[in-house]
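Visitor:
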Amino acid sequence: MSTEATIESKLIAEFSPSRLRIDNDSKRHAGPATESHFRVVIVADTFHGCNRVKRQRMVYACLSDELAGPIHALQMKCLTPKEYEAADGEVTLKAPPCAGANKG
281 MSTEATIESK
291 LIAEFSPSRL
301 RIDNDSKRHA
311 GPATESHFRV
321 VIVADTFHGC
331 NRVKRQRMVY
341 ACLSDELAGP
351 IHALQMKCLT
361 PKEYEAADGE
371 VTLKAPPCAG
381 ANKG
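Each residue of the sequence shown is one higher than the one before, counting from 281 in this note's numbering.
1) Three Cβ pairs or more, each shorter than 8 Å: is that satisfied between the segment 329-336 and the segment 297-308?
2) Would you identify the three-state DSSP class for Ile351, choosing helix, strand or coil?
3) Does the Cβ of Gly349 have 16 or more other Cβ atoms within 10 Å, making it buried, or fewer, making it exposed?
4) Across which residues does DSSP place His317 in a beta bridge pair?
5) When DSSP labels each residue in this structure, what does Pro333 get in the three-state scheme?
Spelled out as structure tokens, the structure:
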């Protein structure tokens, strides 16, 4: 199973999200052809009553094996359905530029 598929499977099993978007940015970065850079937007009732840091810690705990292995960078937004609605579904994460791509 690919790293992206593993991320999807684990997040669905742990959080039962109403929305889940996973963007694989690995091809934009220098280095060997691996699945290592991801952006995730996850919307789940589980996050109700949790602050931003706690939500991210929950996701980090869920993906601890992948973060110890193939994942080098993980950017995320963790929202409740109400927060997602308030944003009119316009939730974006900009991919940062790769500092390693220009190193010689």
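Note that beta-carbon positions come from the ideal geometry of N, C-alpha and C, so glycine has one too. Small disclaimer: the values here were computed from a predicted structure and weren't measured.
Guide: Answer, in terms of the structure:
1) With the cut-off at 8 Å, the segment 329-336 and the segment 297-308 do not touch.
2) In this structure, Ile351 counts as coil in the three-state DSSP scheme.
3) Using a 10 angstroms sphere on the CB of Gly349, the tally of other CB atoms stays under 16, which defines it as exposed.
4) Per DSSP, Ala353.
5) The sequence given here places Val at residue 333; Pro does not occur at that position. Correct three-state label for Val333: helix.
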